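Take any residue in the sequence shown, count from 1 to its spot, add 221: that is its number in our numbering. So the structure is just underneath, and the comments pick up after that.
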Amino acid sequence: MKRIAIVATGDEVVSGDILNRNTQEIASLLESDRMIVKTHLSVRDDLGEIIHSIEWLMQQHEAIILTGGLGPTIDDLTAQAISELTNMPLEFHEHVWEFIQKVYQDWNKICMPINKKQAFFPKNAQLIENNVGTAFGFYIRFKEKAIFVLPGPPKECMPMLKKVVIPQLRSEGFSCAKYRHTWFVLGVGESAVAEKLEPVCKSQKLSLSFRTGFPYVEVKIFTDHATFDDHLIVDALQGWIYNREYMGFSKLFFSDIKKLQHSISFQVDEKDHWMLQWLPEWNVFNGDDKITLSSDENKVSFSRNNQIVEYQLSNNKTNEAAQEFLMEWVCYHCLNAI
């Protein structure tokens, strides 16, 4: 089993001045490629702390991906940290310096001598080109570990990750995790879903985990093969509203809204306008397929072609949680109407 750690460097990350979105996106991309991300770590711009963190992570990981600290200023220390860790001196790369100067020229800006720092990399490092900014990344092997260093800005590091890092990790056999199969169940508690699915997964020797992101419960089932017979899972979810897509029903609804505007129309009494607070321009829908929405105390109803679907809201119908659920619930039934 090959494990990966992700390290975000920067005082601004540790102090909470900025939200570290890099780690989340990197982890998601790696996991979707069946790679095992074991640890996330944030480290201040301190040379000793960066080195110590990498040494500690190397004890339990086969690859480490670092972001940040490749700029030209005094607090950009990642390349120096790798140099001291590996005992590989920093070497100047003339072609990188020429590239940096050309970028500044294209930006109609003056390239200061301080920027020359970005052309120094540890000896034997494989450089990773930056097609957006001036900070090249690099890849180096040390004590049989793979260490990748990428710039901090997402628009710079993410293309490098996709073009270079992930393919390199694949070639080194890091795509070794189980296959993940996902369902998103709407309006049901995690414990209720677990009660139905845990016996099924146990009998089939399937790994199971959950993540609640109201109003959905994300069900994740892990298998040894890319495909498996999921009919027992589908049977267990019978009677509930679920989706195999990552997108919620509301996102699917709005992505197809132009078609829906000419397919369906809403009939809603004034007292029930609250049910469409999430859709301020609902009255522009002019399709022939009439949908009636109504409510009674904590119960909501969706009616189409004399077929009525009802749902009992456990929360006060005017609160934010109820509104969020109702948007997904109505969108689901509207999508089924076309």
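Don't be surprised by glycine CBs; every beta carbon is placed ideally from N, CA and C. Note that this is a predicted model, so its numbers are computed, not measured.
{"query": "Roughly how many angstroms separate the alpha carbons of D451 and E246, rounded to a whole number?", "result": "28 Å"}
{"query": "How would you write the range of the beta strand (DSSP E) that P343 sits in, first residue to last?", "result": "341-343"}
{"query": "When DSSP labels each residue in this structure, what does D450 get in the three-state scheme?", "result": "coil"}
{"query": "So, do the region 352-366 and the region 234-251 have three or more beta carbon pairs nearer to each other than 8 Å?", "result": "no"}
{"query": "Thinking A226 and L268 are a contact (beta carbons under 8 Å), I'd like their distance in whole angstroms, please.", "result": "Contact doesn't hold; Cβ gap of about 19 Å is too wide."}
{"query": "Please classify E531: does DSSP put it in a helix, a strand, or coil?", "result": "strand"}
{"query": "Is Q488 closer than 8 Å to T448 when the C-beta atoms are compared?", "result": "no"}
{"query": "Could you check what DSSP says for S516 in three-state terms: helix, strand or coil?", "result": "strand"}
{"query": "Is it a yes or a no for the region 335-352 touching the region 275-283, going by three-plus beta-carbon pairs under 8 Å?", "result": "no"}
{"query": "I want to know whether the region 368-377 touches the region 393-407 - three or more CB-CB distances under 8 Å.", "result": "no"}
{"query": "L306 by DSSP, collapsed to three states: which one?", "result": "helix"}
{"query": "I want to know whether the region 431-440 touches the region 413-423 - three or more CB-CB distances under 8 Å.", "result": "yes"}
{"query": "Per the contact definition of three or more C-beta pairs closer than 8 Å, is the region 475-489 in contact with the region 505-512?", "result": "yes"}
{"query": "From K492 to R242, what distance separates their C-alpha atoms?", "result": "42 Å"}
{"query": "Between the alpha carbons of Q544 and F470, how many angstroms are there, rounded?", "result": "14 Å"}
{"query": "Any chance the region 309-316 sits against the region 326-344, with 3 or more Cβ pairs inside 8 Å?", "result": "yes"}
{"query": "What did DSSP end up calling G269 once you bin it into helix, strand or coil?", "result": "helix"}
{"query": "Helix, strand or coil for H554 per DSSP?", "result": "helix"}
{"query": "Can you tell me whether DSSP reads I581 as helix, strand or coil?", "result": "This structure cannot speak to residue 581, because the chain is shown only from 222 to 559."}
{"query": "Between the Cα of W499 and the Cα atoms of R525, K472, V324, R265, which residue gives the shortest distance?", "result": "K472"}
{"query": "Between which two residues does the alpha helix (DSSP H) harbouring S253 extend?", "result": "242-253"}
{"query": "What's the C-alpha gap between I558 and K480?", "result": "Reading off the sequence, residue 558 comes out as Ala, not Ile. Whole-angstrom Cα-Cα distance: 12 Å."}
{"query": "Can you check whether the CB of V406 is closer than 8 Å to the CB of L458?", "result": "yes"}
{"query": "Inspect the beta-carbon positions of Q326 and L291 and report whether they are closer than 8 Å.", "result": "no"}
{"query": "Give me the Cα-Cα distance between V386 and F506, rounded to the nearest whole angstrom.", "result": "47 Å"}
{"query": "Looking at T230 and T299, is the spacing between their C-beta atoms short of 8 Å?", "result": "yes"}
{"query": "State yes or no: is the C-beta of I272 within less than 8 Å of the C-beta of L306?", "result": "yes"}
{"query": "For K366, which three-state DSSP category applies?", "result": "strand"}
{"query": "So F470 is in the beta strand (DSSP E); what residue range does that whole segment cover?", "result": "That residue, F470, is in no beta strand (DSSP E); its alpha helix (DSSP H) goes 470-476."}
{"query": "Do G354 and V377 come within 8 Å of each other at the CB atom, strictly closer than that value?", "result": "It is Glu, not Val, that sits at residue 377 in the sequence shown. For E377 and G354, yes; Cβs fall inside 8 Å."}
{"query": "Give me the Cβ distance between R224 and I257, rounded to the nearest whole Å; I'm assuming they're in contact under 8 Å.", "result": "5 Å"}
{"query": "Can you tell me whether M496 is buried or exposed, with buried defined as 16 or more other CB within 10 angstroms of its CB?", "result": "buried"}
{"query": "Just the Cα atoms here: how many angstroms apart are K384 and W550?", "result": "39 Å"}
{"query": "Tell me the DSSP secondary structure of I485 in three-state form.", "result": "strand"}
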